[in-house]
Amino acid sequence: MVRPANCSAQISIGVQTHADADISGTGILVAFILSACLTLAAVLFAYFAGLVDDGLLRPVDKFVFKIPSRAARYPRTHVALRKAILTLSDQQIVTGIAILGAGFNGLRDGSISVYHFQVVIYLAWMSSSVHLSALTILR
457 MVRPANCSAQ ISIGVQTHAD ADISGTGILV AFILSACLTL AAVLFAYFAG LVDDGLLRPV
517 DKFVFKIPSR AARYPRTHVA LRKAILTLSD QQIVTGIAIL GAGFNGLRDG SISVYHFQVV
577 IYLAWMSSSV HLSALTILR
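Numbering of the sequence shown is given in our numbering, commencing with residue 457 and proceeding in unit increments.
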């Protein structure tokens, strides 16, 4: 790992980035991306299936989607979908905070490269964005 004392020397000769499977491993990336896609798909399904409460839709939403609300017609499906989105949304925020904690801990003890810290930031940003999109259904 590059320390601040020898940073300028490392810039001129180049630094080899070592793989950190705990942050940018295939399993971690697949888990984050698959979970985010599943959450986003559930949110989009709720919008396009008309399973969003009428009170949550703005006039622009009703104009763009042009789908009548079916939440009252299918109450069990509506409740089940809301619970699933709530669970997936909570998972997104917890995993985002966990990866940020791991990244900041790695920064503190100097065991993480800039590349891997950027991966941490991007994964946390993705988790936060998906969580916020799910909150539009759960207001």
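All C-beta atoms, glycine included, are put in the ideal place defined by N, C-alpha and C.
- Taking 7 Å as the cut-off, the beta carbon of residue 476 is found no closer than this to the beta carbon of residue 587.
- Residue 482 and residue 488 have their C-alpha atoms spaced approximately 10 Å apart.
- In this structure the region 491 to 498 does not touch the region 509 to 516; the number of beta carbon pairs closer than 8 Å is below three.
- Around the beta carbon of residue 552, 16 or more other beta carbons lie within 10 angstroms, which makes this residue buried.
- In the same chain as residue 504, and ignoring 5 residues on each side of it, the C-beta atoms closer than 8 Å to its own belong to 521, 523, in chain order.
- Per DSSP, residue 555 is one residue of the alpha helix (DSSP H) stretching across 531 to 564.
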